[in-house]
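A short worksheet on the structure shown next.
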Amino acid sequence: MGISRLYLLIWVFLIHVAGIYLFTRGFLLTRLSLSNTSTCSEPNCGIIPTHQRAVLLIIDSLRFDFVSPDPPTPQSPFHHNVLTLPRELTEKHPKHSFIFNSYADPPTTTLQRIKGITTGSLPTFVDIGNSFGGSSIAEDSILKQLKSAGKKVPKLAFMGDDTWMSVFPDTFEPNMRFPYDSFNVEDLHTVDEGPFDFLIGHFLGVDHVGHRVSPYHPSMKTKLQQMNDVLSRVVELLEEDTLLVVLGDHGMDRSGDHGGDSPLETSAGMWIYSKGPPLTDLSPRVPGGLLQFKIFPGCDTRHRSIQQIDILPTMSLLLGVPIPFNNLGTVIPELFWRGNRIQTLRKVLEANTVQIMRYLDTYRSSPSGGELDEAWHKIQEAWKATQTPGVSSDSELVTLMNFNRVALSACRAMWAQFNPLLMSLGLSLLSMGFCASKDWDGWLSPRLVEAVQVAAGGAVLGAVGHFFLGTFTPGVNAFDWSIFIASLVSSITFILLSPPKIDFETIKSTPIILLLHSIAFLSNSFTFWEDRIVSFLLMTSLVPYVLTGISAPSKRLRYRILGFSLLYAVCVRLMATSTPYCHVTFFASSSLAEPSKLVLYLCLPAAVSLPYFIKRILRITRSDTGLAKTYLPLFLVPTLIGGSLFWIMEWADSASILGDDWPPALRFGRTWIARFSFGWILLAGGALWLLIPLCLNIEVSTEGGKRQIKVLGYANAFGIFLALVYICTQLTGQVVLILATVLDSARDARGIQAAFESSTPSSVLDAAASLSLSPSIRFADIVPIALLGHQSTISSLQLKTAFMLTPTVAYPFSAITIVINNIGPVFLFALAVPLTALWNRAPLATPEGQPERELDVQVKGESTLAALGMMIYYSALLLGTSVFAPRFIAAALELLAVDIGILLGVGVGLERVVRRLRTMFGARKSTTAPGPR
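Take the sequence shown: its letters are residues 0 to 932, numbered as in numbering that gives the first Met the number 0.
Below you can see the structure in the form of structure tokens.
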């Protein structure tokens with residue numbers, strides 16, 4: 000029966016995977032990349048180039064100062080990553096220099112921006128995952144055009160972010176490329192101090208400063224000054240026939256991160272400079288209808304604004320190469336307003352519109368062309384307008400520009416389109432897990448076989464149905480239908496064979512907290528303030544236990560229950576203070592990327608105190624014996640202290656507490672401390688758990704001629720993964736994790752209360768009475784655990800954790816520590832949920848001939864219930880978040896982490912413990928009972 004229940008959990012997990020897959024297919028669409036290449040037989044090759052070569056400098060996360068030449072300071076909060084260009088380069092040579100605010104399409108991750116800058120195409124949200132392992136760009140790009148242009152010196156050089164090596168592996172000359180690790184945010188300088196005889200340079204120092212020590216740290220000012228010196232040197236050495244383009248690939252928010260779509264993240268600077276030929280003629284000025292302006296964050300006046308992808312067609316035509324085929328950017332008018340101004344600009348815009356229309360026509364005829372159906376009529380009208388001469392020359396230019404804007408707007412909307420059918424199929428599967436009954440004894444095993452058989456038939460039926468009806472369900476392929484039908488019919492089989500009971504008791508036990516938490520996501524305000532909602536729900540979950548404590552039959556028990564409730568409430572309130580107004584939880588403030596002084600003072604005492612507190616809790620039920628005596632002081636204490644020391648040394652390095660000579664020593668020391676902590680808890684602690692999985696102490700004595708056996712240590716509960724999550728959590732998070740660990744006490748109090756309420760309180764010492772009195776698992780017991788494991792805010796990716804075990808990015812170690820940091824708490828509490836059925840359980844010897852021990856039947860059944868409760872809670876959250884993409888992604892990852900933790904907790908942890916108990920007590924007779932615990 001135990002194996003059947005594990006198979007049931009596996010089945011639920013597979014249903015979740017199928018639902019997430021289908022919903023994600025409809026929710027996070029990808030863009031079809033066309034492999035077509037522009038050639039010189041097209042109109043844009045007839046435009047006379049102004050420059051023979053170009054230097055493209057990308058300063059990651061950079062903006063330029065529009066307001067004043069003063070250096071940025073913490074008092075100017077929106078200019079924390081702003082470089083002030085020298086006046087002699089911008090004001091004294093207005094025909095040779097332009098500064099723009101460029102809009103970087105989200106997701107604002109480096110890989111997506113490299114694709115946009117070099118191909119002129121738009122990213123899709125699902126492409127964000129490629130930032131951690133970019134694949135080669137197959138689309139037409141300016142680098143491909145330069146390589147095939149037949150120039151006198153067709154060599155391309157590169158220095159900087161090694162992401163370029165992934166997306167353009169065979170483009171740069173072997174002896175002219177100098178890539179550096181892009182994810183080593185520990186390194187603030189190396190990538191910016193390489194040689195500068197290059198055509199493309201991607202500097203990462205500004206971005207790394209923001210990620211590592213925040214945009215307001217003194218290191219940012221130093222880094223900006225270094226970038227200023229670099230630009231001055233480049234301008235000094237620049238040849239007159241070389242075009243200089245300096246830009247930030249994206250911006251950064253006030254905590255130094257990027258990836259989203261906030262104004263600070265999508266706003267980036269762009270500076271274009273020509274030492275030789277003038278870029279423009281200022282008199283008369285460019286017609287205002289061709290220009291767009293925007294009020295920059297932190298400014299009170301409008302400034303010239305462009306799309307970041309506009310640099311691609313502009314730079315291509317200035318260099319005399321075809322505009323890449325997939326480009327959607329528009330040439331920057333000011334840079335072609337020279338000579339016979341109107342005719343020059345019109346010719347450039349015509350070449351640009353022809354290229355974009357050719358791309359749209361080709362996309363329209365592709366398998367994904369249906370995506371353009373809604374916008375195609377508007378695109379055709381704009382295109383026809385460009386073929387009809389306007390009333391004046393200015394109106395012709397505006398008409399051409401308008402077509403480009405219409406096309407870009409249509410494509411942005413197209414690649415933000417959802418597939419409602421796929422989303423509905425996924426949601427319907429995710430909803431199936433709520434309709435089930437716990438009355439499974441006697442029928443579970445055969446019904447699982449039937450469900451598998453029905454699922455196999457459903458998969459075939461789905462494939463056949465797609466063959467006949469596929470034309471009516473665009474975007475849904477045969478594999479999608481097979482997965483959906485197979486999952487659906489197997490779910491219906493379970494529901495029909497064990498229909499949920501609908502009566503007054505069922506309605507009365509409706510999980511109100513779960514409903515409130517899930518429904519809250521229907522409001523954007525509640526989504527962004529979820530941390531406050533979780534704190535409120537945690538406090539609300541305490542109400543039943545407070546009422547129980549007030550009505551407790553004894554004074555001692557009443558004080559104990561109410562005392563634990565008060566401790567719970569205090570911990571929740573302290574945890575809530577770590578997320579002030581949904582800002583980053585690990586720093587002293589949103590603009591200071593270091594822990595608060597209070598956290599620095601508390602981290603080590605807290606690390607030492609947690610094992611002591613666990614021991615005190617275990618002592619209440621005489622469970623601080625057995626393995627607990629060894630594990631707590633020798634394994635948990637050193638690991639927790641090591642985890643705190645690592646982050647203290649990291650803070651000392653970031654804040655330069657010991658001066659400039661100590662960073663290498665601090666980095667070496669903290670790396671080996673992290674390695675020791677991981678190795679000690681995994682290898683030594685894991686070996687101990689494998690050899691002695693039961694934390695018991697057995698005492699044998701003789702009293703009155705009778706042999707007495709006392710078994711102590713049933714109520715202890717601690718795990719290896721707690722220590723791993725602790726190490727990978729920054730200092731403030733460690734304190735919060737300690738508070739969360741302290742909260743697990745209400746179930747023990749209920750068990751003691753049950754004994755006192757019985758007619759013979761001393762029966763708690765009897766094994767059979769212990770099992771009958773020990774309270775059954777309720778959904779209310781799962782809710783606090785689910786809320787504690789829940790990540791209450793959409794936290795930014797903490798790249799610092801990737802460098803715990805190695806000084807640079809090293810797979811799989813860096814990936815493991817980042818995963819533990821982000822979803823480790825959720826996994827930790829999910830892993831513990833099935834084991835709650837063992838809390839305060841005594842091993843029983845049952846009469847001979849009984850096929851399965853009472854312990855196995857009840858404990859495994861309740862563990863399955865607890866596991867299903869946790870899985871249901873997080874699947875409900877996933878349903879609620881289906882209206883908001885970023886929160887949905889986080890919820891999907893959390894649900895998968897919960898499911899995997901549940902399967903390991905039941906399939907490995909619970910099975911091993913129960914098997915060892917069966918072996919240990921199998922030879923004992925039913926009259927032998929364990930002593931006090």
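Ideal Cβ placement from N, Cα and C applies to all residues, glycine included.
Query                                                                                                                       : Result
Cβ distance (whole Å) where ALA267 is taken to contact ASP280 below 8 Å                                                     : Incorrect: roughly 27 Å between the Cβ atoms, too far for contact.
Three-state class that DSSP yields for THR241 in the structure shown                                                        : strand
Secondary structure of ASN35, DSSP reduced to three states                                                                  : coil
For ARG301, the three-state DSSP class (helix, strand or coil)                                                              : strand
Residues bridged to ILE199 (per DSSP)                                                                                       : LEU55 and PHE157
Residues sharing a beta bridge with ASN100, DSSP                                                                            : GLY268 and SER304
Assigned secondary structure, TYR179 (DSSP; H/G/I helix, E/B strand, else coil)                                             : strand
Assigned exposure category for PHE471 - 16 Cβ within 10 Å defines buried                                                    : exposed
Burial state of VAL763 (16 or more Cβ within 10 Å)                                                                          : For VAL763, the predicted structure reports a pLDDT of 41, less than 50, and the residue's modelled location is therefore unreliable. A value from the coordinates is still provided. When all chains shown are included, VAL763 counts as buried.
7 Å Cβ shell around LEU327 - same chain, five flanking residues per side excluded                                           : GLY119, SER120, LEU121, ILE308, ILE355, ALA406, LEU407 and CYS410
Inter-residue Cα distance where the pair is PHE324 and LYS143                                                               : 11 Å
Beta-carbon contacts of HIS95 that lie in its chain and below 8 Å, excluding the five residues immediately before and after : TYR272, SER273, LYS274, PRO277 and LEU278
Close beta carbons around VAL583, own chain, < 6 Å, minus the five adjacent residues each side                              : Residue placement at VAL583 is poorly supported in this model, since its pLDDT is 48, which falls under 50; the coordinates are not used for a value here.
For LYS293, the first and last residue of its enclosing beta strand (DSSP E)                                                : 291-294
Neighbourhood of VAL542 by C-beta distance below 6 Å, restricted to the same chain and skipping five residues each side     : none
Identity of the residue in PHE883, LEU798, ALA889 and GLU861 nearest TYR873 by Cα                                           : ALA889
Backbone CA spacing between ASP743 and ALA485 [nearest angstrom]                                                            : Residue placement at ASP743 cannot be trusted, given a pLDDT of 49 that sits under 50; the coordinates are not used to answer.
Those residues which DSSP pairs with VAL166 across a bridge                                                                 : Its beta-bridge partners do not exist; DSSP assigns none.
Candidates GLN379, ALA412 and PHE417, of which the one nearest LEU399 by Cα                                                 : GLN379
Rounded straight-line distance, which links the Cα of LYS346 to that of PRO68                                               : Residue confidence is low: PRO68 scores 39 on pLDDT, short of 50, so the model does not pin down where it sits. Its coordinate-derived value is still stated next. Cα to Cα, PRO68 sits roughly 37 Å from LYS346.
Under the three-state DSSP convention, the category VAL905 falls into                                                       : helix
Assigned secondary structure, ARG62 (DSSP; H/G/I helix, E/B strand, else coil)                                              : strand
Same chain, Cβ closer than 7 Å to LEU936, five either side skipped, listed in chain order                                   : Residue 936 lies beyond the range of the chain shown here (0 to 932); nothing can be said about it.
Close Cβ partners of PHE63 (< 7 Å) along its chain, the five nearest in sequence each way excluded                          : VAL81, LEU82, LEU84, ILE98, GLY268 and TRP270
Local conformation of VAL734 per DSSP, three classes                                                                        : helix
Pairwise C-alpha distance: ILE899 and THR49                                                                                 : 60 Å
Neighbour-count burial assignment, LEU514, 16 or more Cβ in a 10 Å radius                                                   : exposed
The segment 447-456 in contact with the segment 1-13 per 3-pair CB rule at 8 Å                                              : yes
Beta-bridge pairing of SER273 - partner residues as DSSP gives them                                                         : LEU242
Alpha helix (DSSP H) segment containing ASP557, residue limits                                                              : The sequence shown places Arg at residue 557, not Asp. 554-575 is the extent of the alpha helix (DSSP H) around ARG557.
Whole runs of the alpha helix (DSSP H) within the segment 381-423, excluding any shorter than 4 residues                    : 392-413
Extent of the continuous alpha helix (DSSP H) to which GLN342 belongs                                                       : 340-363
Boundaries (first-last residue) of the alpha helix (DSSP H) holding THR816                                                  : 812-831
Euclidean distance between Cα positions of PHE246 and ALA664                                                                : Reading off the sequence shown, one finds Leu at residue 246, where the question assumed Phe. Cα to Cα, the separation comes out at about 35 Å.
Identity of the residues DSSP links to LEU635 by a beta bridge                                                              : Note: LEU635 sits in no beta bridge, so no partner.
MET685 to LEU894 span [Cα, whole Å]                                                                                         : The amino acid at residue 685 is misidentified as Met; the sequence shows Gly. Roughly 26 Å between the two C-alpha positions.
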